[in-house]
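Numbering (our numbering), first residue to last: 176 to 256.
What follows is a set of notes on a single structure, which appears directly below.
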Amino acid sequence: MLSNGVYKSIEHRAMVNSEKERVSVAMFFSPKFEAEIGPLRSLITPENPPLFQRVGMEKYVNDFISRRRLDGKSYLEQMKI
């Protein structure tokens, strides 16, 4: 959503190695709940209009976790304009 479709998400894949142990490290970044999120303004131009609606971070997290408003779509698809 932040990249306004400029950068595409890829499917996470991992290869199993039976000879070495694997270590995963989860990293999270989140704006304050009072913040508004949406496409970065620096990536919005007349030729590249916003593809996603802006939403408060608290609402985004609550809707994402509860999976409200999905109607059979992914949450990111639901946020498209």
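All residues carry an ideal CB built from backbone N, CA and C; glycine is no exception.
Predicted, not measured: the structure shown is a model, and the values here were computed from it.
Using only the alpha-carbon positions, how far apart do residue i and residue j sit?
i           : j           : result
residue 198 : residue 185 : 20 angstroms
residue 205 : residue 212 : 10 angstroms
residue 256 : residue 230 : 12 angstroms
residue 235 : residue 253 : 11 angstroms
residue 195 : residue 250 : 36 angstroms
residue 183 : residue 216 : 18 angstroms
residue 188 : residue 220 : 34 angstroms
residue 228 : residue 193 : 45 angstroms
residue 241 : residue 248 : 14 angstroms
residue 208 : residue 190 : 36 angstroms
residue 239 : residue 218 : 24 angstroms
residue 203 : residue 237 : 16 angstroms
When DSSP builds the beta bridges, which residues end up paired with residue i?
i           : result
residue 212 : 230
residue 255 : 227
Since residue i and residue j are thought to touch, with beta carbons under 8 angstroms apart, how far apart are those beta carbons, to the nearest angstrom?
i           : j           : result
residue 201 : residue 232 : That pair is no contact at about 19 angstroms.
Can you name, in chain order, every residue of its own chain whose Cβ lies under 7 angstroms from the Cβ of residue i, other than the five neighbours on each side?
i           : result
residue 214 : 176, 177, 179, 225, 226 and 227
Using a Cβ distance threshold of 8 angstroms, determine whether the segment 179-186 contacts the segment 220-229, with at least three qualifying pairs required.
yes
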